[in-house]
Amino acid sequence: MDTTERYNIRETEAKWRKVWEDKKSFEVTEDTTKPKSYVLAMLPYPSGRIHVGHVRNYSLSDVVAQSVVNWDPVEDTVLANEQVVDGKGWRSGAPVERRKLYQWFFKITDFADELLKGIETLDRWPDKVRTMQTNWIGKSRGAEFDFTLTTSLSNPAGLDKIRVYTTRPDTLFGASFVGLAADHPLAKELAGDIDGFDDFVKKCQATGTSEEAIEKAEKIGFDTGHTVAHPFIEGKTLPVYLANFILMDYGTGAIFGCPAHDERDFAFATKYNLDIIQVVNSDGAELLYTEDGTMINSDFLNGLTKDDAIKTAIKKLEELGIGKGVTNFRLRDWGVSRQRYWGCPVPFIHCEDCGLVPVPEDQLPVELPYDINYDKPEHAVLHLLYSRFFTRALKKCGYEVPDEPFAGLFTQGMVTHATYKDNDGNWIMPADVEQKDGHWVISKDNKPVTQGAVIKMSKSKKNVVDPQDIIDTYGADAARLFILSDSPPERDLEWTVGGIEGAWRFINKLHRNIIDSLDLLPEVGTAQPKEFGKNASELRSAVHKAIVGVADSIEAFHMNKAVATIRELSNTLTSFKPADDADHIESNKWALREGYEALVRLFNPMMPHLAEELWQQLGHDTILTETPWPAHDESLLSNDTVTIGVQVNGKVRATITLAANCSKDEAEKIALSQEGVQKALEGQSVKKVIVVPGRIVNVVAG
Numbered sequence: 001m002d003t004t005e006r007y008n009i010r011e012t013e014a015k016w017r018k019v020w021e022d023k024k025s026f027e028v029t030e031d032t033t034k035p036k037s038y039v040l041a042m043l044p045y046p047s048g049r050i051h052v053g054h055v056r057n058y059s060l061s062d063v064v065a066q067s068v069v070n071w072d073p074v075e076d077t078v079l080a081n082e083q084v085v086d087g088k089g090w091r092s093g094a095p096v097e098r099r100k101l102y103q104w105f106f107k108i109t110d111f112a113d114e115l116l117k118g119i120e121t122l123d124r125w126p127d128k129v130r131t132m133q134t135n136w137i138g139k140s141r142g143a144e145f146d147f148t149l150t151t152s153l154s155n156p157a158g159l160d161k162i163r164v165y166t167t168r169p170d171t172l173f174g175a176s177f178v179g180l181a182a183d184h185p186l187a188k189e190l191a192g193d194i195d196g197f198d199d200f201v202k203k204c205q206a207t208g209t210s211e212e213a214i215e216k217a218e219k220i221g222f223d224t225g226h227t228v229a230h231p232f233i234e235g236k237t238l239p240v241y242l243a244n245f246i247l248m249d250y251g252t253g254a255i256f257g258c259p260a261h262d263e264r265d266f267a268f269a270t271k272y273n274l275d276i277i278q279v280v281n282s283d284g285a286e287l288l289y290t291e292d293g294t295m296i297n298s299d300f301l302n303g304l305t306k307d308d309a310i311k312t313a314i315k316k317l318e319e320l321g322i323g324k325g326v327t328n329f330r331l332r333d334w335g336v337s338r339q340r341y342w343g344c345p346v347p348f349i350h351c352e353d354c355g356l357v358p359v360p361e362d363q364l365p366v367e368l369p370y371d372i373n374y375d376k377p378e379h380a381v382l383h384l385l386y387s388r389f390f391t392r393a394l395k396k397c398g399y400e401v402p403d404e405p406f407a408g409l410f411t412q413g414m415v416t417h418a419t420y421k422d423n424d425g426n427w428i429m430p431a432d433v434e435q436k437d438g439h440w441v442i443s444k445d446n447k448p449v450t451q452g453a454v455i456k457m458s459k460s461k462k463n464v465v466d467p468q469d470i471i472d473t474y475g476a477d478a479a480r481l482f483i484l485s486d487s488p489p490e491r492d493l494e495w496t497v498g499g500i501e502g503a504w505r506f507i508n509k510l511h512r513n514i515i516d517s518l519d520l521l522p523e524v525g526t527a528q529p530k531e532f533g534k535n536a537s538e539l540r541s542a543v544h545k546a547i548v549g550v551a552d553s554i555e556a557f558h559m560n561k562a563v564a565t566i567r568e569l570s571n572t573l574t575s576f577k578p579a580d581d582a583d584h585i586e587s588n589k590w591a592l593r594e595g596y597e598a599l600v601r602l603f604n605p606m607m608p609h610l611a612e613e614l615w616q617q618l619g620h621d622t623i624l625t626e627t628p629w630p631a632h633d634e635s636l637l638s639n640d641t642v643t644i645g646v647q648v649n650g651k652v653r654a655t656i657t658l659a660a661n662c663s664k665d666e667a668e669k670i671a672l673s674q675e676g677v678q679k680a681l682e683g684q685s686v687k688k689v690i691v692v693p694g695r696i697v698n699v700v701a702g
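So, in structure tokens, the structure goes:
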């Protein structure tokens with residue numbers, strides 16, 4: 001589109017950024033006389049270049065690893081689960097493997113229970129974030145117990161038992177197999193010399209460890225040929241498998257499978273033709289039943305509810321001396337090692353002679369360069385959890401800190417965009433496609449592409465938009481305006497070309513309307529008139545209501561509502577014509593200047609470059625970063641007022657604003673005190689005053 005109108009975005013935005021830099025407008029200086037406020041924007045942690053999803057984060061706030069890791073053999077580095085796509089590194093495309101590495105950890109698990117209990121106090125956090133924190137900590141009550149091998153196992157320690165953890169010991173009578181993670185300490189011994197073990201392990205290593213990856217992956221297993229004895233059913237044995245959906249870092253890395261009442265176990269048992277035994281009454285439902293019910297086919301547990309059956313099963317395991325009730329947490333210790341050169345500096349020296357030596361305390365802290373570019377995938381849950389851990393760790397070390405680091409929290413929705421694929425199934429960037437004759441094609445060669453789902457911006461799907469491209473074309477203000485105005489901040493925002501172009505057009509319209517109105521406005525600093533006509537009074541009421549409305553919306557993080565109010569006020573000011581009330585032209589012009597100055601100050605947080613430019617055009621020699629928020633007049637906010645004319649001998653001499661329930665005597669008193677009325681009465685006496693409530697005051701003089 002043509003972006004060459006008279007408002008030169010590139011030149012204007014560059015000019016004002018230079019002014020702010022020279023004046024150090026955004027440099028924080030501590031002022032203990034002011035109330036304390038600390039607004040922390042979530043750090044971006046981009047996986048490479050940032051995209052407009054990160055821009056939303058800053059636009060909003062500006063207006064108010066584990067011992068088993070994902071290893072990319074090409075990049076020689078650890079990857080987060082989110083950087084593994086279909087078993088390959090998202091950037092290199094190389095098959096990813098899981099390796100054991102020697103790493104440093106913060107022992108966050110020591111605080112698991114305390115972190116969980118603390119969530120109850122976070123009443124100013126969104127419910128969904130509190131739920132995510134609760135689920136990530138993942139406290140569960142269950143049982144750990146041993147299955148005894150009925151087959152011989154050759155291992156140095158002479159181990160003959162497999163310890164499992166389960167939250168559902170009540171379903172033990174429905175067990176049809178025991179499963180272990182492929183990297184379980186006993187896995188290799190159990191597999192022995194059976195062909196295919198190494199290949200199976202490689203397949204497991206190529207599977208992601210996230211819940212989503214495990215759910216999507218086909219459930220595959222490796223039959224070790226070993227069996228274990230069922231603890232409750234004498235003479236019954238269960239086969240022992242290695243399985244790709246069991247993780248070593250949860251529980252004990254081993255489970256028993258009850259296919260009739262667990263989806264993963266059911267898929268596994270169906271694939272390997274294992275028994276499916278119902279032990280929870282499903283009232284005739286299908287073989288797979290995952291809801292609660294009373295126990296059946298379970299000997300001493302029959303007829304019990306789920307909770308009672310769990311307690312009874314744990315008691316039985318304890319009586320047999322093979323297990324006990326335990327509390328488990330999904331939370332794992334925080335791995336802080338990084339294989340990137342910019343990884344966080346762990347203050348230990350690897351000395352060839354002395355081994356591991358801590359850096360002397362007088363040489364700490366080791367400071368990183370301030371301009372370093374961090375590269376870490378976004379984990380809103382973990383960022384917050386680690387912050388909450390730090391306050392507790394500091395407290396344990398004797399520092400006086402609050403229990404919780406953030407009293408309040410606001411989380412914004414994702415920025416989404418349509419996805420595109422070529423005929424070979426390759427993802428194509430939005431910047432590389434265009435629409436021709438109603439069809440999407442690659443811009444450079446016109447090869448067809450298919451538009452797919454609108455999803456969260458993701459570099460792996462290539463549906464990202466580079467903020468720099470947007471800024472170069474439309475300007476930073478337009479990017480900010482679209483992000484702030486299109487959707488409530490807690491909801492997802494779909495990024496569209498139409499949306500950003502609409503924001504750009506509005507910015508140009510604002511600039512044009514105010515510039516075109518400059519000749520109508522009185523000089524800066526002109527004294528406020530003593531009285532206003534009806535039109536000006538109504539305009540001033542709209543302006544002052546907008547001041548309050550925008551402030552309230554920003555405070556409540558309803559940025560889209562704030563922008564809507566600004567748009568409405570802009571339309572009101574544009575349609576106001578001072579000459580429509582010939583008797584009050586000067587006061588009308590003053591009210592129009594008041595309105596435009598308020599408008600510019602109101603949209604300054606959203607469109608700061610445009611605001612500074614128009615503030616200067618309005619005749620001010622200050623900058624808006626040094627100008628206070630506009631004050632409102634409380635008397636102009638009431639909806640319970642009426643503005644009526646005051647006539648002297650049939651000719652309007654003044655306009656007054658009265659309370660809707662104002663008495664006739666009070667209306668008469670106010671009307672006669674108006675300067676225009678008093679001038680008209682000079683040399684005359686008042687013979688009669690007629691008050692028509694809500695409509696007019698008519699003074700008869702002679």
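The opening residue of the sequence shown carries number 1 in the UniProt record's numbering; numbering runs sequentially from there. For glycine and all other residues, C-beta sits at the position ideal for the given N, C-alpha and C. Please read these numbers as outputs of a predicted model, since none were measured by experiment.
(message) Just verifying my parser: in three-state terms, what is the DSSP assignment at C662?
(response) coil
(message) So for F266, helix, strand or coil by DSSP?
(response) DSSP places F266 within a helical segment (H, G or I) once states are collapsed to three.
(message) Using a Cβ-Cβ cutoff of less than 8 Å, which residues in the same chain neighbour Y289 once the five nearest sequence positions on both sides are dropped?
(response) A260, H261, Q278, V280, S282
(message) Quick check on L238: does DSSP put it in helix, strand or coil?
(response) strand
(request) Return the first residue and the last residue of the beta strand (DSSP E) that C351 is part of. (result) In the DSSP assignment, C351 falls within the beta strand (DSSP E) that extends over 348-351.
(request) Compute the distance between the beta-carbons of T150 and A229, then report whether it is under 8 Å. (result) yes
(request) Would you identify the three-state DSSP class for K688, choosing helix, strand or coil? (result) strand
(message) Can you tell me whether W629 is helix, strand or coil according to DSSP?
(response) coil
(message) Using only the alpha-carbon positions, how far apart do S298 and L190 sit?
(response) 29 Å
(request) Name, in chain order, the residues that DSSP records as bridge partners for Y165. (result) E144
(request) Kindly indicate which three-state DSSP category R653 falls into: helix, strand or coil? (result) The three-state secondary structure of R653, taken from DSSP, is strand.
(request) Please state whether DSSP places L368 in a helix, a strand or coil. (result) With a pLDDT of only 43 at L368, under the threshold of 50, the placement of this residue in the model should not be trusted; the figure read from the coordinates follows. The answer is coil: DSSP assigns L368 none of H, G, I, E or B.
(request) Determine the direct distance from the alpha carbon of F603 to that of E675, and round the result to whole angstroms. (result) 36 Å
(message) Using CA atoms only, rank isn't needed, just tell me which of E144, Y241, M606 is closest to I194.
(response) Y241
(request) Figure out for me which residue from K203, W125, I276, M132 has the closest Cα to the Cα of T171. (result) I276
(request) Any chance you could list the alpha helix (DSSP H) runs of at least 4 consecutive residues sitting entirely within the stretch 586-613, in chain order? (result) none
(request) Answer with buried or exposed for K219, where buried requires no fewer than 16 other C-beta atoms within 10 angstroms of its C-beta. (result) buried
(request) Run through the stretch 287-340 for me and flag every whole beta strand (DSSP E) of 3 or more residues, listed as ranges in chain order. (result) 323-329
(message) Three or more C-beta pairs under 8 Å: does that hold for the stretch 136-144 against the stretch 322-334?
(response) yes
(message) So, at 7 Å on beta carbons, what are the nonlocal neighbours of L304 in its own chain, with the 5 sequence-adjacent residues on each side left out?
(response) T294, M295, T312
(message) As a quick exercise: from F222, T148, D249, G221, pick the residue whose alpha carbon is nearest that of E234.
(response) T148
(message) Please state the DSSP three-state secondary structure of Y386.
(response) helix
(message) Restricting to Cα atoms, I'd like to know which of S152, H439, G251, P693 is closest to R168.
(response) G251
(message) For N8 and T643, I'd like the C-alpha separation in whole angstroms.
(response) 42 Å
(message) When you compare the stretch 508-517 with the stretch 607-618, are there three or more beta-carbon pairs, one atom per stretch, that lie closer than 8 Å?
(response) yes
(message) Between I690, I554, G683, which has its C-alpha nearest K669's C-alpha?
(response) I690
(request) Quick one: grab the DSSP three-state call for L569. (result) helix
(message) Quick check on DSSP: helix, strand or coil for Q678?
(response) helix
(request) With a 10 Å radius around its C-beta and 16 neighbouring C-beta atoms as the bar for buried, classify P605 as buried or exposed. (result) buried
(request) Please list, in chain order, all residues of the same chain as K530 whose beta carbon is under 8 Å from its beta carbon, the five residues on each side excluded. (result) E675
(request) With DSSP as the reference, label V279 as helix, strand or coil. (result) coil
(message) Determine whether the beta carbon atoms of D640 and A667 lie at a separation below 8 Å.
(response) no
(message) Whole angstroms are fine: how far does the CA of M607 sit from the CA of M559?
(response) 12 Å
(request) Quickly, what does DSSP pair T643 with across the bridge? List them, please. (result) T657
(message) Assuming G225 is part of the alpha helix (DSSP H), what are its boundary residues?
(response) Counting along the chain, G225 falls outside any alpha helix (DSSP H), though it belongs to the beta strand (DSSP E) covering 221-229.
(request) Have a look at the DSSP bridge pairing and note the partners of W440. (result) Q435
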